[in-house]
Amino acid sequence: MSEFLYSSDNDLYSLLSLTSEATPADIKKAYHRLALQYHPDKHTNSTPEQREEATRKFQNLGYAYAVLSDPKKRERYDKTGDVDGFEGFDDMGKEGWDAFFKELWSGVVNSKSIEEFRVEYQGSSEERSDLIDAYKKYKGNMDLIMQHIACGGIEDEPRFIEILQGAISSKEIPSYKKFSSSTASAARTKRRKEAEREAKEAEEMAKMYGLDQKLLENNDDEEQLRQLILARGEKRMNALVESLEAKYGGSKPKKQKSTKEKQKTSKKQKEICISEHQ
1 MSEFLYSSDN DLYSLLSLTS EATPADIKKA YHRLALQYHP DKHTNSTPEQ
51 REEATRKFQN LGYAYAVLSD PKKRERYDKT GDVDGFEGFD DMGKEGWDAF
101 FKELWSGVVN SKSIEEFRVE YQGSSEERSD LIDAYKKYKG NMDLIMQHIA
151 CGGIEDEPRF IEILQGAISS KEIPSYKKFS SSTASAARTK RRKEAEREAK
201 EAEEMAKMYG LDQKLLENND DEEQLRQLIL ARGEKRMNAL VESLEAKYGG
251 SKPKKQKSTK EKQKTSKKQK EICISEHQ
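In full-length UniProt numbering, the protein residues as written are 1 to 278.
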């Protein structure tokens with residue numbers, strides 16, 4: 001199953017926009033940045049083709065990080081340039097791959113690391129460079145630009161637009177009609193409503209898992225954020241894993257559960273989650 005994660009045509013360092021001279025800290029930082037950029041949650045409004053491409057990149061990033069962050073695997077890769085036969089990759093099985101993908105979600109990229117990265121990244125020259133690159137790549141399409149920038153939320157949109165308008169005025173970047181249309185009032189309202197819808201979805205999921213009241217009693221904003229990310233992420237990641245296995249692993253998709261079965265599963269998940277936080 002590992003073959004769909006990585007093509008021998010790609011260099012693992014290149015996947016992370018690094019060279020073989022990269023330090024462990026460089027590797028971790030690059031993975032943070034790119035994983036956030038291609039994270040499935042950043043592409044909920046993309047076309048199916050765009051989501052598939054982003055998901056594939058997200059998989060490759062995780063695979064590259066899994067190899068290069070392990071000293072022994074990295075040493076072997078540096079010597080041979082080959083990833084075939086790495087212990088633990090070829091015979092992982094369904095449970096192993098489930099754990100692998102969930103680690104991409106809640107392991108290295110978690111609420112703490114996201115916040116640390118956000119503080120360093122937002123407002124930096126690196127963010128501006130990424131914004132300019134995204135503008136050129138997507139010909140001014142603000143919908144796609146917003147999905148491309150790591151940690152970029154609806155609250156950052158006015159700042160992004162101001163930066164891009166300044167760059168257009170200074171002739172640093174060309175003016176695209178799509179930029180004008182996708183930053184018009186109607187387009188911005190649509191993006192804001194979509195962001196509000198997703199926020200409401202996260203809130204409803206917190207209630208479903210019994211996290212809302214429990215965490216509010218703890219009055220711990222960071223813990224609330226962490227649990228919301230994990231709750232929403234596990235649901236999405238489970239669906240992603242099943243989809244990937246069906247597409248690349250040759251297994252059949254799981255049969256859809258009945259409404260009664262879903263209610264039982266939801267109740268059980270809620271009981272487990274509540275017990276873990278008592």
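Every residue gets a Cβ at the ideal spot worked out from N, C-alpha and C, and that includes glycine.
Using the rule of at least 16 other Cβ atoms within 10 Å of the residue's Cβ for burial, across every protein chain shown, is residue i buried or exposed?
{"i": "Ser-182", "result": "buried"}
{"i": "Asp-82", "result": "exposed"}
{"i": "Gln-37", "result": "buried"}
{"i": "Gln-256", "result": "Unreliable positioning characterises Gln-256 in this predicted model, as indicated by a pLDDT of 45, which lies under 50. A coordinate reading is not provided."}
{"i": "Ala-134", "result": "buried"}
{"i": "Gly-166", "result": "exposed"}
{"i": "Ala-25", "result": "exposed"}
{"i": "Asn-10", "result": "exposed"}
Using 8 Å as the threshold, is the C-beta distance between residue i and residue j below it?
{"i": "Phe-117", "j": "Cys-151", "result": "yes"}
{"i": "Met-142", "j": "Ala-199", "result": "no"}
{"i": "Ser-17", "j": "Asp-78", "result": "no"}
{"i": "residue 279", "j": "Ile-154", "result": "The shown model of the chain, from 1 to 278, leaves out residue 279, and the question about it has no answer."}
Span of the alpha helix (DSSP H) holding residue i?
{"i": "Thr-183", "result": "Here Thr-183 belongs to no alpha helix (DSSP H), and DSSP marks it neither H nor E."}
{"i": "Asn-10", "result": "Looking at the DSSP string, Asn-10 is not in any alpha helix (DSSP H), and its letter there is neither H nor E."}
{"i": "Thr-80", "result": "71–80"}
{"i": "His-32", "result": "24–38"}
{"i": "Tyr-65", "result": "48–68"}
{"i": "Ser-125", "result": "125–137"}
{"i": "Ala-167", "result": "157–169"}
{"i": "Leu-144", "result": "142–148"}
In angstroms with no decimal places, state the Cα-to-Cα distance between residue i and residue j.
{"i": "Tyr-176", "j": "Phe-160", "result": "15 Å"}
{"i": "Lys-29", "j": "Lys-139", "result": "28 Å"}
{"i": "His-39", "j": "Asn-60", "result": "12 Å"}
{"i": "Ser-185", "j": "Glu-157", "result": "12 Å"}
{"i": "Asp-130", "j": "Glu-75", "result": "31 Å"}
{"i": "Arg-197", "j": "Pro-48", "result": "20 Å"}
{"i": "Gln-122", "j": "Glu-204", "result": "29 Å"}
{"i": "Ala-64", "j": "Leu-15", "result": "7 Å"}
{"i": "Asp-70", "j": "Lys-193", "result": "42 Å"}
{"i": "Ile-27", "j": "Leu-12", "result": "11 Å"}
{"i": "Glu-120", "j": "Ala-54", "result": "24 Å"}
{"i": "Arg-56", "j": "Thr-189", "result": "30 Å"}
{"i": "Phe-58", "j": "Glu-52", "result": "10 Å"}
{"i": "Arg-50", "j": "Ala-195", "result": "In the sequence on display, residue 50 carries Gln and not Arg. If you take the alpha carbons of Gln-50 and Ala-195, they lie about 19 Å apart."}
{"i": "Lys-137", "j": "Lys-72", "result": "37 Å"}
{"i": "Thr-80", "j": "Glu-201", "result": "47 Å"}
{"i": "Gly-62", "j": "Leu-68", "result": "10 Å"}
{"i": "Thr-23", "j": "Ile-132", "result": "27 Å"}
{"i": "Ala-66", "j": "Glu-115", "result": "22 Å"}
Cβ contact (3+ pairs, closer than 8 Å) linking the region 146–156 and the region 171–178: no
Stretch-stretch touch, CB-based, cutoff 8 Å, three pairs: the region 115–126 with the region 19–37: yes
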